[in-house]
Amino acid sequence: MNTNEILSHIDSLLKESRLDEAEKYMKATLSDAEKSDRPDIMLTLYNELAGFYRDCGRFAEALESCRRSEVLLEKMNIGGAQLASALLNSANACRAAGLYDESFDYYRRIYAILENIGAEKPLYASYYNNLALLYQETNNWQEAADCLKKALSLADDDIRRAITRSNLAVCLTKLGDNSAAKETLAPAMETFSGLSPSDFHYSAALAAMGDICFAEKDLSKAAYYYEASLSEIELHMGRNNFYDIVSHNLSEAYENLGGKPALKGMELCRQYFEVFGRPMLQRNFALYLDHIACGLAGEGSECLGFDDHISPDHDFGPSFCIWTDLPDDMCAKLQKAYDLLPKEFMGMKRIVTPNGTDRTGVIKVTDFLRKFTGFDHVPNSSEEWQYTVDENLACAVNGSIFMDNSGFFTDIRQRLQVQPEDIRLRKLAAELEKMAQSGQYNYPRAMKRTDPAAAFFTLSAFMESSMKAAHILSQKYAPYSKWLFRSTEALPKFDELAIAVRNIAEGKNITENIEIACAAVRAELKAQQISNSDDYMSVCADDAKHRADIIYTAEEIIAMEWDFFDKVQNEGGRADCQDDYYTFSIMRRSQYYCWELPMLCSLYEDFKAAKADDRNPITEKYGYMMETTAPARFAEIRSSLPEIPQQKKELCSAICQIQTGMMEEFAANYPKLAGRARTIHTYEDTPWLTSYETYLRGELYTYSDITLKLYGSFIARLCTEGKNLAYIIMEQSVKMYGYESLDQAEEHA
Numbered sequence: 000m001n002t003n004e005i006l007s008h009i010d011s012l013l014k015e016s017r018l019d020e021a022e023k024y025m026k027a028t029l030s031d032a033e034k035s036d037r038p039d040i041m042l043t044l045y046n047e048l049a050g051f052y053r054d055c056g057r058f059a060e061a062l063e064s065c066r067r068s069e070v071l072l073e074k075m076n077i078g079g080a081q082l083a084s085a086l087l088n089s090a091n092a093c094r095a096a097g098l099y100d101e102s103f104d105y106y107r108r109i110y111a112i113l114e115n116i117g118a119e120k121p122l123y124a125s126y127y128n129n130l131a132l133l134y135q136e137t138n139n140w141q142e143a144a145d146c147l148k149k150a151l152s153l154a155d156d157d158i159r160r161a162i163t164r165s166n167l168a169v170c171l172t173k174l175g176d177n178s179a180a181k182e183t184l185a186p187a188m189e190t191f192s193g194l195s196p197s198d199f200h201y202s203a204a205l206a207a208m209g210d211i212c213f214a215e216k217d218l219s220k221a222a223y224y225y226e227a228s229l230s231e232i233e234l235h236m237g238r239n240n241f242y243d244i245v246s247h248n249l250s251e252a253y254e255n256l257g258g259k260p261a262l263k264g265m266e267l268c269r270q271y272f273e274v275f276g277r278p279m280l281q282r283n284f285a286l287y288l289d290h291i292a293c294g295l296a297g298e299g300s301e302c303l304g305f306d307d308h309i310s311p312d313h314d315f316g317p318s319f320c321i322w323t324d325l326p327d328d329m330c331a332k333l334q335k336a337y338d339l340l341p342k343e344f345m346g347m348k349r350i351v352t353p354n355g356t357d358r359t360g361v362i363k364v365t366d367f368l369r370k371f372t373g374f375d376h377v378p379n380s381s382e383e384w385q386y387t388v389d390e391n392l393a394c395a396v397n398g399s400i401f402m403d404n405s406g407f408f409t410d411i412r413q414r415l416q417v418q419p420e421d422i423r424l425r426k427l428a429a430e431l432e433k434m435a436q437s438g439q440y441n442y443p444r445a446m447k448r449t450d451p452a453a454a455f456f457t458l459s460a461f462m463e464s465s466m467k468a469a470h471i472l473s474q475k476y477a478p479y480s481k482w483l484f485r486s487t488e489a490l491p492k493f494d495e496l497a498i499a500v501r502n503i504a505e506g507k508n509i510t511e512n513i514e515i516a517c518a519a520v521r522a523e524l525k526a527q528q529i530s531n532s533d534d535y536m537s538v539c540a541d542d543a544k545h546r547a548d549i550i551y552t553a554e555e556i557i558a559m560e561w562d563f564f565d566k567v568q569n570e571g572g573r574a575d576c577q578d579d580y581y582t583f584s585i586m587r588r589s590q591y592y593c594w595e596l597p598m599l600c601s602l603y604e605d606f607k608a609a610k611a612d613d614r615n616p617i618t619e620k621y622g623y624m625m626e627t628t629a630p631a632r633f634a635e636i637r638s639s640l641p642e643i644p645q646q647k648k649e650l651c652s653a654i655c656q657i658q659t660g661m662m663e664e665f666a667a668n669y670p671k672l673a674g675r676a677r678t679i680h681t682y683e684d685t686p687w688l689t690s691y692e693t694y695l696r697g698e699l700y701t702y703s704d705i706t707l708k709l710y711g712s713f714i715a716r717l718c719t720e721g722k723n724l725a726y727i728i729m730e731q732s733v734k735m736y737g738y739e740s741l742d743q744a745e746e747h748a
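Here the sequence shown stands for residues 0 to 748, numbered as in numbering that gives the first Met the number 0.
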């Protein structure tokens, strides 16, 4: 049995707040020492148990341990510094138990011993620190302050100085010198803050700061520090008499504030992070903060903001997530530090069920993504996005980020916020189809058959699908079923649908409310130009699928076109626009999203053929444009371009004439927006500026005969219907830039 090893193990258990294990270990080791006749180890353990029981508020056991220690010292004929240290334990135990006269007697004996042996500074510092606590408890604040100032002058390390400063700050506050108290306490707070594991004396520093704030009438801050102090006391010592004192002070602060504020789970966790999490990370993992993000997101009502008085019964309470891309060994260190944080905060203790064990703490980013998307990365294609589930995506993007210094995790969540438009539309079509099948078809048939069970199931399916459709139309992921209705009520454009769903659930005018819900969805389908149908929802579903096909094909074309554009060799070097995919994609989407599906399919085949033939249609387009922007250079390269038949030239010219007129009309009504685009006419071309007409002609020349014919028929049909393609394209464009309408964009141009 080795004394140092025993003390080291006890210290390790206490630092990790494993109080029950520490007590069992000390008692078992004491029993072994008694059997082995090791009085030296017995003496060590009596002293350790005395301090342990005192800090836990078990005073009778603390006093008994002290008594046994003194008996053994006398038996062993030990005096000097060892006796003084043991008597300090006895004095403290008496003080904690309220036996103040006995405690003062011990201190008189201790001082005589110290003077007799000429004790070293650390023992004198310990004497003054502990005597000060007795003076504090007997309200002798000046005497306590004097002792602590002596102790501070003798302290030999940062932790001891911090302990002394914390107690001195309490005295100075009681003596009315708040400014000196703050100045004294500040270095102690800095020393304790963020330690992992935390020092149990941190609770005293936090309580002292609470006292200062209370004295200064800053009651909210006082409550803040008292709450933090209680968490530390509970962690290291359990609910002892110090816990009761601080708890009483906290109650006074809340009483003066008009009551304890009711915190939602998210705010509880945010405050818990700020008090304990952020300081721990900044102190112990400063070099890795760019690879760490913290917050609360995922499963749980608090992540959605829907938690209520029932929520705390499971998987709820002070906690936070640490998302990181660090290696496994660093993740293990992070998790250990997280596990050492207080388990209780603001009177709440986290209750974790087996299903909720991995919701908080350290979470590798790849694990987070795999859990909620099925991939270890953000899905980057429609093929990958089609496998995602909105309920899971809602978990991935909900909640809040408390800290993300480099922004890496915030960026991931932002990329998860918006799925590809074709995928959104296909998911929408699936819900519209279910609405039609369950509410408009199966429900009335179930009622005709007098089958209430079937009717119940069809209504449940209809309500769920209608609410999910509303979320998709609102560009928001629908949460899991328990919170689906609550989330629907918060959607700004679907108040009537939410009321209709509630009425259906309550059995009120079911057929009428099914139609109300369908009408609400159809109205938004029209507003988003997805479907103009007033028919069954299955027709709307077909329209959504058709629109999805258009979007998907357009995106495939844009991807190929960007690749062609990237490879264009300009005579003056690479153009800036070749590195601006954002602007390029908006310009092309605003055009192709207006096209009909056969046109897109034909252009897609054009691009595939060009790629197979190792041709670049974008290079060819710019070459054709040079006929009017740089005639001399065009003459040099003309032979390298595909020859344009006269009939095709005439058709292109006719199309250009129509579309130039459309652009003139647009410019007349929206001169500011038009002024930011190309000039309109070919006669306005210069070597540096290419007009709308010339650009269009060059592009039309690259189309195959089939594509050009389809495009020409499309333009003719628009003319017949009195529609202006320039308006349609520009409206798409400004909406992609975030404007609600052309008028709003014109106003801000």
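Positions of the beta carbon are idealized from the N, C-alpha and C atoms, including for glycine. Only a predicted model underlies this, so the values are computations on that prediction, with no experimental measurement involved.
Look up residue i in the DSSP assignment and say whether it is helix, strand or coil.
| i | result |
| --- | --- |
| Trp322 | strand |
| Met661 | helix |
| Val361 | strand |
| Phe750 | The structure shown does not extend to residue 750, since the chain is modelled only from 0 to 748, so the question has no answer here. |
| Phe315 | strand |
| Gly721 | coil |
| Asn129 | helix |
| Val520 | helix |
| Ala222 | helix |
| Cys593 | coil |
| Tyr442 | helix |
| Gly506 | coil |
Check for me: the beta strand (DSSP E) holding residue i runs from which residue to which?
| i | result |
| --- | --- |
| Ser192 | Looking at the DSSP string, Ser192 is not in any beta strand (DSSP E), and its letter there is neither H nor E. |
| Glu400 | Rather than Glu, the amino acid found at residue 400 in this sequence is Ile. That run of the beta strand (DSSP E) goes 399–402. |
Since residue i is in the alpha helix (DSSP H), which residue starts that stretch and which ends it?
| i | result |
| --- | --- |
| Phe564 | 536–565 |
| Val364 | 364–372 |
| Ile116 | 99–116 |
| Tyr669 | No alpha helix (DSSP H) contains Tyr669, which DSSP labels as neither H nor E. |
| Leu768 | Nothing in the structure corresponds to residue 768, since the chain is present only between 0 and 748. |
| Arg94 | 79–95 |
| Asn240 | 240–256 |
| Arg412 | 407–416 |
| Met434 | 420–434 |
Quickly, what does DSSP pair residue i with across the bridge? List them, please.
| i | result |
| --- | --- |
| Glu343 | Lys348 |
| Gly294 | Cys320, Ile400 |
Between the beta-carbon of residue i and the beta-carbon of residue j, is there less than 7 Å?
| i | j | result |
| --- | --- | --- |
| Leu496 | Ala469 | yes |
| Cys65 | Ser84 | no |
| Phe155 | Pro186 | Looking at the sequence provided, one finds Asp at residue 155 rather than Phe. For Asp155 and Pro186, no; Cβs fall outside 7 Å. |
| Phe272 | Cys293 | yes |
| Ile411 | Val377 | yes |
| Asp421 | Ile556 | no |
| Met749 | Val500 | Because the chain in this structure spans residues 0 to 748, residue 749 falls outside the shown range and cannot be described. |
| Asn397 | Ala296 | yes |
| Ile9 | Ala21 | yes |
| Gln528 | Ile728 | no |
| Leu427 | Ala395 | no |
| Arg425 | Ala547 | yes |
For a cutoff of 7 Å on Cβ pairs, would you count residue i as touching chain D?
| i | result |
| --- | --- |
| Glu432 | No chain D appears in the structure shown, which is made up of a single protein chain. |
task: Determine contact between the stretch 636–645 and the stretch 672–686, defined as no fewer than three beta-carbon pairs at a distance below 8 Å.
output: no
message: Does the contact criterion of 3 or more C-beta pairs under 8 Å hold for the stretch 620–638 versus the stretch 686–704?
response: yes
message: For the stretch 400–415 against the stretch 501–511, do three or more pairs of beta-carbon atoms, one drawn from each stretch, fall closer than 8 Å, so that the two count as touching?
response: no
query: Is the number of C-beta pairs between the stretch 179–192 and the stretch 202–221 that are closer than 8 Å three or more?
result: yes
- request: Taking 8 Å as the threshold, find out whether the stretch 669–683 comes into contact with the stretch 608–616 through three or more Cβ pairs.
  value: no
query: Is there contact here, the stretch 166–184 with the stretch 138–146, by at least three beta-carbon pairs under 8 Å?
result: yes
message: So, does the stretch 519–536 touch the stretch 553–568, judging by three or more C-beta pairs under 8 Å?
response: no
- prompt: Below 8 Å, can you find three or more Cβ-Cβ pairs linking the stretch 275–289 to the stretch 236–256?
  reply: no
task: Report yes or no: do three or more beta-carbon pairs, one from the stretch 596–608 and one from the stretch 654–665, lie closer than 8 Å?
output: no
query: Do the stretch 339–353 and the stretch 220–237 touch if we need at least three Cβ pairs shorter than 8 Å?
result: yes
task: Kindly confirm or deny that the stretch 433–445 and the stretch 346–360 touch, where touching means at least three C-beta pairs closer than 8 Å.
output: no
task: Check whether the stretch 537–548 touches the stretch 479–487, counting contact only when three or more Cβ pairs, one atom from each stretch, lie closer than 8 Å.
output: no
- prompt: Is there contact here, the stretch 56–74 with the stretch 17–27, by at least three beta-carbon pairs under 8 Å?
  reply: no
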